């Protein structure tokens, strides 16, 4: 047992984990209870679990929770209080999601790319997330607004 | 507050509780229709207009990204004369008995929700509107209907210039008997139908608020992770020891009605480890030492054997006998006109080709999962991302022995369904685990289990022979599809035409074939198979449209012109023309590129695609553009149809390029996305779509077509036909790049 002090979406959490290498994904979903970050593959191939850690895109399914201690974690729930992040607005305007399951990860990837100063097609080259529904064309349209 | 129940001729029931409630039964498509009769007289949908002016549509369909909820609200709003955005949609819970507005299930399969409920929603809207108008007429003491106008959720009494909100009329309207019919809004006055509307579910899908099955959290809940025998048909040999820190290891058996092929009722084919959270439990599963009994036939459960069996059945199979046992390997004659064998033999040009398609996994983004809170003797609550909520209810009744009114089924959003979540094996496991541990429990399948214990799109081998005369007429067409039976694995006794799912899009084709023979043979492979987006059409349209292209080439004709000359249905010709126009078929293609075309049908719609490709190598091909035209008779939400076609095309690209599952000793080999590649955004072609304008929405005789699965069937043959033009090589087996892997992000 270990207690990890984590900061997620601006809130501090003291989380008891059996092992400090529990991936951040499961700490966020099962122990903290924020379920917007999704499990897709567990092997860093699909990107559904993408979060921002100190502004950098990370794949929470393989990111040890202990490595997030002392850093600021942002999940889809913390991207904006009212869905007002430009990526969220662009996603609604272009009616991007279908089942929507992968979109938290896609939007966090886009938000990370924007934070790194990218725009439009530069953002798109960063989006490698899998979307089995096949919303890629509307993702392109939405990213073109950013 | 009054309560009254008054069935009308059309089956609408008003039951007022604080306003006007119309309850009714929406017809549903059941892919197992041959097995299960519809439950008669069951109410499954409620329209409520409350005295506070809220309008609520409670409906039992599942939302998996296809936009059905939004489309149904859109249709309802048209004739109810209200703003579409004002309609609240509520996910119903299934019920086999309730007449209260808790909702019920509607199987969400077969691209069916919008198309099969179009008229029912329109009637409901119109009848509710007329009840409200009648209430206004009574209130104003004026029985002249022409003096009243319903619009924007109000009834206006023109002579007195009085506006009455629907909510203020709802209680009075509830006391009236619903008319058996009411006038519908003429097509020319449509405000909503045929116009793109935004989807209701999208706002909560961009901020993490949308709750999928896997997001259910119950106080005190525990987490179960499944581990099946690696080989299909295997069973648990001995009860494993519960690992330290874990609550239990629960053996789960195959419940009647949930197992397919190798997975027989009563077999203990998996264990679920139960623990405090997903990760710790999953780790315990990974290191759990489980011994399994492999099936005696395990060595035969491999691809070489499946292919050899298919080849043998293409050469020779025992015909169906009415009333006979008709075991797997039986030959069914689907349609027969003339003697194609003789006609082809006498033709100057004879074509003969065999097309091979693999098993393909569904791989929904959200893995299978289900949450159950079982309180012995009291209640059982089930949260499931399911396409078959009523089947879930019936399953819970069967396993728990509880009455329907002790069970609550809550359909969550589905993170993709694709046909896999119409099955209930995962639900049955969650209920068994909950009954064993007596705590609220979520059972999840790690991605590796989801890939390796799927109910796959069936493999198939299809042999086609055809003849051409000197004037490029097709003289004969002989078609034999050998594939495992989806319905057969569900206990259906197949009739003389075989499996209705297996022959989809193979028969009654509007081509002038001359003599024709269409046959289907049930392949004996017991690997579990199931419904996969577009089902049989994903197999048959590939074989049919590739052979048509081979015939065109043999006749020295362009693929588009050849099809146009042979098609006998003007609607098909129109769709073909529109796809060709959209794909610039008649314009020269850029250097290094080639185009292919294909047309087909599924779920009453007709669709054609032009695929433009370049840069074919041993490991890849660039798909530059896909142009898709559809005739679905009535297009409710064109933007939604466009999204579904785009999505269906991506589904088909993934399958055509990379999708396959293979087996060694009954064990599936591709266990995650890294071993079963799918396209990323960078590989996405430009997709253009065209929807044939409605031929007349107000004609009830028209058979409305679906859209959700329609992007799929014609992509692979159009790709193969483009590939031939680009490379000179016929592509007769899918996927194009078997075994393709994908790296990390």
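Protein chains in written order, with the numbering used here: chain F, 1236 to 1381; chain L, 3 to 747. For glycine and all other residues, C-beta sits at the position ideal for the given N, C-alpha and C. Since this is a predicted model, take the numbers as computed values, not measurements.
- Taking 8 Å as the Cβ-Cβ cut-off, the region 364 to 379 of chain L approaches chain F at 365, 366, 367, 368, 369, given in chain order.
- Just measuring C-alpha positions, the residue of F/1305, F/1271, F/1366, F/1281 sitting nearest residue 1294 of chain F is F/1281.
- In this structure, the alpha-carbon of residue 593 of chain L lies about 40 Å from that of residue 519 of chain L.
- When Cβ-Cβ separations below 7 Å define contact, residue 1333 of chain F makes contact with chain L.
- Inside the region 217 to 282 of chain L, DSSP marks whole beta strand (DSSP E) runs of 3 or more residues at positions 224 to 230, 250 to 255, 270 to 277, from first to last along the chain.
- Counting every other CB atom within 10 Å of its CB across the protein chains shown gives residue 431 of chain L a total of 16 or more, marking it as buried.
- At a cut-off of 7 Å, the C-beta of residue 1327 of chain F has a neighbouring C-beta in chain L.
- As DSSP reads the structure, residue 692 of chain L sits in a beta bridge with L/631.
- Residue environment: residue 571 of chain L is assigned as exposed (fewer than 16 neighbouring CB atoms within 10 Å of its CB, all protein chains considered).
- Per DSSP, the beta-bridge partners of residue 354 of chain L are L/467.
- Minimum Cα-Cα distance from residue 668 of chain L among the listed residues L/24, L/264, L/129, L/375 corresponds to L/264.
- Between residue 651 of chain L and residue 385 of chain L, the beta carbon gap of about 32 Å keeps them out of contact (Cβ cut-off 8 Å).
- In this structure, DSSP gives residue 624 of chain L an extended state, which the three-state scheme calls strand.
- In the DSSP assignment, residue 482 of chain L forms a beta bridge with L/465, L/521.
- As computed with DSSP, residue 598 of chain L is found in a beta bridge with L/613.
- In terms of Cβ geometry, residue 166 of chain L and residue 138 of chain L form a close pair [threshold 7 Å].
- What residue 66 of chain L touches in chain F, judged by beta-carbon distance under 7 Å, is 1334, going in chain order.
- Chain-ordered, the chain L residues with CB closer than 7 Å to the CB of residue 1362 of chain F read 683.
- Put simply, the CB of residue 280 of chain L is near chain F, with a gap under 7 Å to one of its CB atoms.
- In the structure shown, the three-state DSSP call for residue 21 of chain L is strand.
- A residue is called buried once 16 or more other Cβ atoms fall within 10 Å of its Cβ, and residue 1354 of chain F, having fewer, is exposed.
- C-alpha of residue 361 of chain L to C-alpha of residue 426 of chain L: approximately 20 Å in a straight line.
- The C-beta of residue 721 of chain L comes no closer than 7 Å to any C-beta of chain F.
- One Cα belongs to residue 382 of chain L, the other to residue 449 of chain L, and the distance between them is close to 27 Å.
- Taking a Cβ-Cβ cut-off of 8 Å, the neighbours of residue 205 of chain L in chain F comprise 1318, 1327, given in sequence order.
- Between residue 660 of chain L and residue 737 of chain L, the CB-CB gap stays under 7 Å.
- For residue 1270 of chain F, the residues of chain L that pass the 9 Å Cβ criterion are 210, 213, 214, 216, 217, 218, 219, in the order they occur in the chain.
- Straight-line measurement puts the Cα of residue 1275 of chain F at about 12 Å from the Cα of residue 1297 of chain F.
- Burial is judged here by how many other beta carbons sit within 10 angstroms of a residue's own beta carbon; residue 1246 of chain F has fewer than 16 and is exposed.
- Using a CB distance below 9 Å, the part of the region 442 to 453 of chain L facing chain F consists of 446, 448, 449, 450, ordered along the chain.
- Considering only L/21, L/516, L/189, L/269, the residue with the shortest C-alpha distance to residue 133 of chain L is L/21.
- With respect to residue 716 of chain L, residue 609 of chain L sits close: the two C-beta atoms are nearer than 7 Å.
- Distance from the Cα of residue 665 of chain L is smallest, within the candidate group L/126, L/178, L/453, for L/453.
- The C-beta of residue 652 of chain L comes closer than 7 Å to at least one C-beta of chain F.
- Using a Cβ-Cβ cut-off of 7 Å, residue 1246 of chain F does not count as an interface residue toward chain L, since no Cβ of chain L sits closer than that to its own.
- With contacts defined by Cβ atoms closer than 7 Å, residue 577 of chain L and residue 720 of chain L do not form a contacting pair.
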